[in-house]
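Protein chains in written order, with my numbering: chain S, 16 to 225; chain Z, 16 to 225.
Ideal Cβ positions, reconstructed from N, Cα and C, are used throughout, including at glycine.
Below: one structure, written as C-alpha cells.
Number of protein chains: 2
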Amino acid sequence: MILFEGDLGKLERRFRANFINSLGGFKSVVLIGTKSAIGNENLAIFSSLFHIGADPSLCGIVIRPNEEKQNTLGNIMATKQYTINHILPDFYKQAHQSSAKYEEGKSEFEEVGLTPEFIDSITAPFVKESKIKFACKLIQKIDIQLNGTFIIIGEIIAVSAPSNCVHEDGKIDLEQSETITLSGLDTYHITKQIARLSYAKTNKPVDEIH
Amino acid sequence: MILFEGDLGKLERRFRANFINSLGGFKSVVLIGTKSAIGNENLAIFSSLFHIGADPSLCGIVIRPNEEKQNTLGNIMATKQYTINHILPDFYKQAHQSSAKYEEGKSEFEEVGLTPEFIDSITAPFVKESKIKFACKLIQKIDIQLNGTFIIIGEIIAVSAPSNCVHEDGKIDLEQSETITLSGLDTYHITKQIARLSYAKTNKPVDEIH
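Below is the structure:
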C-alpha cells in the first residue's frame, strides 16, 4: 500500500496512531522515575528516548503533556532530575500498566508493584528491578509548537549497570542485561543478535566482530 | 558498576562513545535517502529516529554534521525532503557500509550496492530493497548548541508498506517486514515478539492481545 499526505490526514484516529507509532521501527522503551517538589514518587513508560551525544553525555525524550505524562514533565521541571530504567521480560506488564491514569498523589511504583531504589545523592527514584539504569539532570526544554509536545534534553549524571553486561571496549550487551524493545504503542519484543560489525571504511568490506 | 558525572568525563573517548551509545537501549536504525540541489543521490545510516506525533505525523532525527553526515544535512536543507527506509537482515552489511566516508559526489547507493527507487512526485530516493519506507518534508531545524548537533523535525508525506505487514487496526508488524534493530554503534539484532498488550486502565490488569 502507498499512502500520501492527503490519505494520512483521512485515516481514522486510532488507526493512524497505531500506524504512525510503528512506522519508525523498533524503539527504546524505558521507565522514567521522578519525584515531585513535595516528595511524591512517579513512574511512567516512554518510548521516545534518543541519543544526542557522548561528550557531554546527552539524551532526549519527547513528552506529550497529557493526563498520564504531565506529572513526569512537572516533576522534571520542578526538581531538574529524572531516572531512566530499562525494562526486562520479568516485569514488562507492570511497566505497561504504569501508563494507566492513576490519581494525582498515587505512586505508580506501588500501584504496579515495582520497587523505588535510591542511589547516592540522586533524589529521583530508580527502578530496583532494572539492570541498566541512569539518572539525568535537565539541560534544555524545547517546545514543539506544531503539536504541543516538548523535547526534554538531559545530561547523564549517574549510571548503574552490572559489570558482566559491559564489554571491555565500553559496549553494553543489551541481551545480557535482558533489555527489551517496543514496536508501536503496545508490542514488546526480545532480541537476537545478528552480528557486531567493524567500523566502515571505503576501501574494504565490513567484518563481523567476535 | 556505578559511575557518576565525574567518572563519565574521565572515560577514554572510544569507551565512552560505545558506552553512552548503548546506554539508551535498542534503537531504530534506518537509511536516509536524499538528493543534492544538483541531483547527486546520498544514502546514510541513522539510529536517532524518534516519534513526535501522529496528527500531524511528525518524526525527528539527530544529525551531527561530521564528514559522513554533512551531505545528508545539506541536502535536506537544500531540497526540504528525505526518505526513511527500514533495514532487513538481507542487506544490513551494505547499510552499515554506507557510513564510510565516501568522496563528495559518489553515491552510497552505488558504492554499497543498494537500489534507488522513485515513488510518484517524491524527489528524494527511496531504497528499493526496504519493505517499510516513508518520505518526510522538513518542518523545523533545532540547534543543540551544547554539542553542535541538530534535531531535524519532518512531517511524513508518503508511506510505502506491504499490505500483509499492516494489521487491521493500523499497527505495522515489524517482524513481518523483517525490520531489524540496533544496539550501540554497530550491533544488529532481529526480534521475537513477547506479547502485544491491551490499553492500560487503573481498575484491571493488562491483557495480551492476540
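Could you name the residues that DSSP lists as bridge partners for residue i?
i	result
S/His66	S/Cys74
Z/Ala150	Z/Thr98 and Z/Ala173
S/Asp158	S/Phe165
S/Phe141	S/Glu132
S/Phe30	Partner(s): none; S/Phe30 has no beta bridge.
S/Arg211	S/Ile224 and Z/Thr202
Z/Thr196	Z/Ser43 and Z/His204
S/Gln59	Just to set this straight, residue 59 of chain S is Ala in the shown sequence, not Gln. Paired residue(s): S/Ile47.
S/Val181	S/Ile187
Z/Ile17	S/Ser175
S/Lys219	S/Lys216
Taking Cβ positions, are residue i and residue j nearer each other than 8 Å?
i	j	result
S/Gly48	S/Val127	no
Z/Tyr97	Z/Gly185	no
S/Ala173	S/Ile209	no
Z/Ser192	Z/His101	yes
Z/Val44	Z/Ile60	yes
Z/Ala93	Z/Ser51	yes
Z/Thr206	Z/Arg79	no
S/Gly36	Z/His225	Going by the sequence as given, residue 36 of chain S is Asn instead of Gly. No, the Cβ-Cβ distance between S/Asn36 and Z/His225 is not below 8 Å.
S/His204	S/Phe41	yes
Z/Phe19	Z/Ile99	no
Z/Lys152	Z/Pro177	no
Z/Ser72	Z/Ile171	yes
S/Leu189	S/Glu144	no
S/Leu129	S/Leu64	no
Z/Arg29	S/Thr202	no
Z/Ile166	Z/Gly68	no
S/Gln112	Z/Pro140	no
Give the C-beta separation of residue i and residue j to the nearest angstrom, bearing in mind that I take them to be a contact with Cβ-Cβ under 8 Å.
i	j	result
S/Ile187	S/Tyr107	No, S/Ile187 and S/Tyr107 are not in contact; Cβ-Cβ is about 19 Å, not under 8 Å.
Z/Leu200	Z/Ala32	7 Å
S/Asn55	S/Ser122	7 Å
Z/Ile17	S/Ser175	5 Å
Z/Leu46	Z/Phe34	Going by Cβ atoms, the distance from Z/Leu46 to Z/Phe34 rounds to 25 Å, so no, they are not a contact pair.
Cβ-based contacts, 7 Å cut-off: residues of the region 89 to 120 of chain Z near chain S: Answer set for the region 89 to 120 of chain Z: His101, Pro104, Tyr107, Lys108, His111, Gln112, Ser114, Ala115, Lys116 and Tyr117.
Where the region 63 to 85 of chain Z meets chain S: residues whose CB sits under 8 Å from a CB there: Going along the region 63 to 85 of chain Z in chain order, one finds Ser63, Leu64, Phe65, His66, Ile67, Gly68, Ala69, Asp70, Pro71, Ser72, Leu73, Cys74, Gly75, Val77 and Arg79 with a Cβ nearer than 8 Å to chain S.
Meets three-Cβ-pair contact criterion under 8 Å: the region 152 to 168 of chain Z and the region 86 to 104 of chain Z: Yes, since at least three Cβ pairs between the region 152 to 168 of chain Z and the region 86 to 104 of chain Z fall closer than 8 Å, the two stretches touch.
Contact the region 104 to 120 of chain S vs the region 208 to 222 of chain Z: 3+ CB pairs below 8 Å: Judged by pairs of C-beta atoms under 8 Å, the region 104 to 120 of chain S touches the region 208 to 222 of chain Z, as three or more such pairs exist.
Contact list for the region 142 to 157 of chain S against chain Z, Cβ threshold 8 Å: Cβ contacts with chain Z come from Ile147, Phe149, Ile154, Gln155 and Ile157.
Positions along the region 22 to 52 of chain Z whose CB lies within less than 9 Å of some CB in chain S: Residues passing the 9 Å Cβ filter: Asp22, Leu23, Gly24, Leu26, Glu27, Arg28, Arg29, Phe30, Arg31, Ala32, Asn33, Phe34, Ile35, Asn36, Ser37, Leu38, Gly39, Gly40, Phe41, Lys42, Ser43, Val44 and Val45.
Against chain S: residues of the region 201 to 223 of chain Z by CB proximity under 8 Å: Hits within the stretch, in order: Asp201, Thr202, Tyr203, His204, Ile205, Thr206, Lys207, Gln208, Ile209, Ala210, Arg211, Leu212, Ser213, Tyr214, Ala215, Lys216, Thr217, Pro220 and Val221.
Residues, ordered as in the chain, of the region 125 to 144 of chain S that lie near chain Z by beta-carbon distance below 8 Å: Answer in chain order: Glu126, Ile134 and Asp135.
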